[in-house]
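Residue numbers (the numbering used here), protein chains in the order written: chain A, 548 to 982; chain B, 548 to 982.
Below, the structure is given as structure tokens:
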């Protein structure tokens, strides 16, 4: 295939004409497909149906230590759930607090607590003139929504396949005490599917922030969410690395079983140092008497242990892998050689990140939508919804069935081509069709 | 029985001597009983075991409207759960948001949001020099803990059998714009078991607070928690009453199924005006993608409707009623005529409130503890843990089996008598034994 930029204006106009005709055909299909959110598909949800059978009225709902899971209490979470989550999060069970059904909620509450009560005795952030967060971009829109909601100023930090720009991070946190945190999805990152390199993690653990209440918000959402058995990313465990670096209190690590069991009916957890846990417990005991222990027990009885969980994740991978591979092969087929876009090829997680020519992402997403395919809003992967280059688009292949995914991916590629052709022609001073 | 105050010093000293001998016998029993918290007992928890059977791997986990409860989404809660909770809370389902597993958590989050973001556009409370709450006393320690945690100044408002002192409340909220809320447990109140009179509720609905962001925090924790079928308290529904009074936005109403199904594995809800709901949703959508819908569905499938729930509560009542009646009869038997204490006789809820002679409550609770019976800490029913008269003690009869409850109640009465006798003798200038 010839790169669009190397086509003559006449060639490209003809190409565009043909593409628009194809697009009209798609519009006639009355599609209603969604590649917007990282939602598990029905087949994935079916994997966990056995979870509905492990507790019954014949069961004893007691923990191993005799705690009756049906009654009030146990702020930290039951012992066996801490063990399971600890194995999943690669930390000591003593460093874990089990929460409710959403790690996002834990992150929100963590920021909210810092706003009203500070961090381990620091000035509450709501009393400071300025609070800033570093945001590796592209990143997760719901992270950015939390910091924006609390009026925290967000600073973009560019991502590479090794993780965020550590030179920039080291410099900024050392010189600016108003920087209180950084959002990280360190493994199979959202949306690129990158995993931080060993060096990146080591540099994180060795940060010397000017602010004593600076914390790394380490959202290890995809810790065991591999697509392949034999080709997995490995991430250095950050709590242990911080401890080795003499920086035990530097990190909050978040995770949940939302894409393991049922999203919304899962269990979430935070792992962090004893000092941080003590700080958190002071608040948590005011907020609640305890989280849902019956659901904790249900998870433990179903998965039994980390081995059971890993086996379970293999089945998820079997469903997701073909979807990721399909998207990749269609994009290759449609776009290779045209030089109008690039995309990532993750080995895990829930997303593929696509970069179009500059100033095309919004138009591509809008064009997809007009033909019935919903993508994550362009800009969503950046703080304040502003992608400075207007080029990043997050692709979420998990939810649609394969046959729908193929149609959606072809339409997406078509829209990429149309907007690229239009953009190049425009730049050459040619008038292009409005639609 | 002769009132202690009418006994001669010699008579009372002899009585005390005999009481202390009895107390020694109790100490020898090595008791470990607990009347401290409003925990359901094992038999009550057993009532809801069928809840573990209503969902299984054969079940469709879809809502009536086709929503798959296993996946992300539905911020407000599923429609059928809203209907069930609405019937329980006596409001329109459109006025309800379903939350997670704890109404305490909802209340905490409500205050926290007001601290960081104000109420319907008002100045965030964290930016104000002074924020105050009215606290009917005696009241619920966990309410007071939330307001204390956020540095909110608490003002005691005396309770009577009709509810809190409305003259005082009307005057204070009208003249002081720093008063932003009031904690209410309007039905079978914690700890007295009083239900607000019709007039009290009407006056609440007609409050004219100086602060536009003043809200009534109406914790209707015991709305269907009657002890008797034929002798139930009735509470005027506050949302409707506020609406009629032209004060729709004045109240947040909280409830949960924590003492209906399983505490900690229940569902909680807030009911309030559309304006307030809109204000809450703006925040909630940042905090979470949605609460546990599978558990919402479990509740709906188990109880089916409000009739099922009410029938279920009859079984709770059958277990609790004998416990309340036992406490009352033992206290009557042991204390009637002595004029050293009074207690409430609730028709529902979880507590009995006891008032000793002034300056005796702490000593009574400590003495109970030394003999192995744990009571709610004296002072806990007051803000900052300070009962100005040191006389109120909350009795929680729900958890211990009847045979234990009898022992605990007798020991409690004994400790009341001992401390009363000591107090009266001390006041007469007599030296009393230290232990």
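Just so it is clear, CB atoms sit at the ideal spot from N, CA and C, and this is done for glycine as well.
Among residues of its own chain, excluding the 5 on either side of residue i, which ones have a beta-carbon nearer than 8 Å to its beta-carbon?
i, result
"residue 665 of chain B", "671, 672 and 760"
"residue 790 of chain A", "820"
"residue 884 of chain A", "548, 549 and 550"
"residue 722 of chain B", "757"
"residue 961 of chain B", "566, 569, 570, 573 and 881"
"residue 636 of chain A", "643, 767, 770, 800, 802, 816 and 818"
Say whether chain B places a C-beta atom closer than 8 Å to the C-beta of residue i.
i, result
"residue 647 of chain A", "yes"
"residue 697 of chain A", "yes"
"residue 693 of chain A", "yes"
"residue 962 of chain A", "no"
"residue 924 of chain A", "no"
"residue 655 of chain A", "yes"
"residue 600 of chain A", "yes"
"residue 898 of chain A", "no"
"residue 782 of chain A", "no"
"residue 663 of chain A", "yes"
"residue 838 of chain A", "yes"
Identify whether residue i lies in helix, strand or coil by the three-state DSSP scheme.
i, result
"residue 880 of chain A", "helix"
"residue 784 of chain A", "coil"
"residue 702 of chain B", "strand"
"residue 732 of chain B", "coil"
"residue 829 of chain B", "helix"
"residue 857 of chain A", "helix"
"residue 581 of chain A", "strand"
"residue 573 of chain B", "helix"
"residue 789 of chain A", "helix"
"residue 664 of chain B", "helix"
"residue 597 of chain A", "helix"
"residue 821 of chain B", "helix"
"residue 870 of chain B", "helix"
"residue 591 of chain A", "helix"
"residue 631 of chain A", "helix"
"residue 568 of chain B", "helix"
"residue 549 of chain A", "coil"
"residue 655 of chain B", "helix"
"residue 807 of chain A", "coil"
Using a 10 Å radius around the Cβ and a threshold of 16 neighbouring Cβ atoms, would you call residue i buried or exposed?
i, result
"residue 773 of chain A", "buried"
"residue 963 of chain B", "buried"
"residue 609 of chain B", "exposed"
"residue 767 of chain B", "buried"
"residue 555 of chain B", "exposed"
"residue 905 of chain A", "exposed"
"residue 933 of chain B", "exposed"
"residue 548 of chain A", "exposed"
"residue 776 of chain B", "exposed"
"residue 677 of chain A", "exposed"
For residue i, I'd like the list of residues in its chain whose CB is within less than 6 Å of its CB, leaving aside the five on either flank, ordered along the chain.
i, result
"residue 897 of chain B", "585 and 945"
"residue 779 of chain A", "773"
"residue 683 of chain A", "704, 706 and 711"
"residue 993 of chain B", "Residue 993 of chain B falls outside the range modelled here, since chain B spans only 548 to 982, and no answer is possible."
"residue 634 of chain B", "853"
Examine chain A for any beta-carbon lying closer than 8 Å to the beta-carbon of residue i, and answer yes or no.
i, result
"residue 851 of chain B", "no"
"residue 841 of chain B", "yes"
"residue 834 of chain B", "yes"
"residue 619 of chain B", "yes"
"residue 930 of chain B", "no"
"residue 594 of chain B", "no"
"residue 604 of chain B", "yes"
"residue 879 of chain B", "no"
"residue 584 of chain B", "yes"
"residue 947 of chain B", "no"
"residue 639 of chain B", "no"
If I measure Cβ to Cβ from residue i and keep anything under 7 Å in the same chain, skipping five residues before and after, which residues do I get?
i, result
"residue 603 of chain B", "none"
"residue 892 of chain B", "875"
"residue 908 of chain B", "925, 934, 937, 938, 939 and 940"
"residue 867 of chain B", "774 and 945"
3 or more residues per run - each beta strand (DSSP E) lying fully within the stretch 907-967 of chain B: Qualifying beta strand (DSSP E) stretches, in chain order: 920-922 and 939-942.
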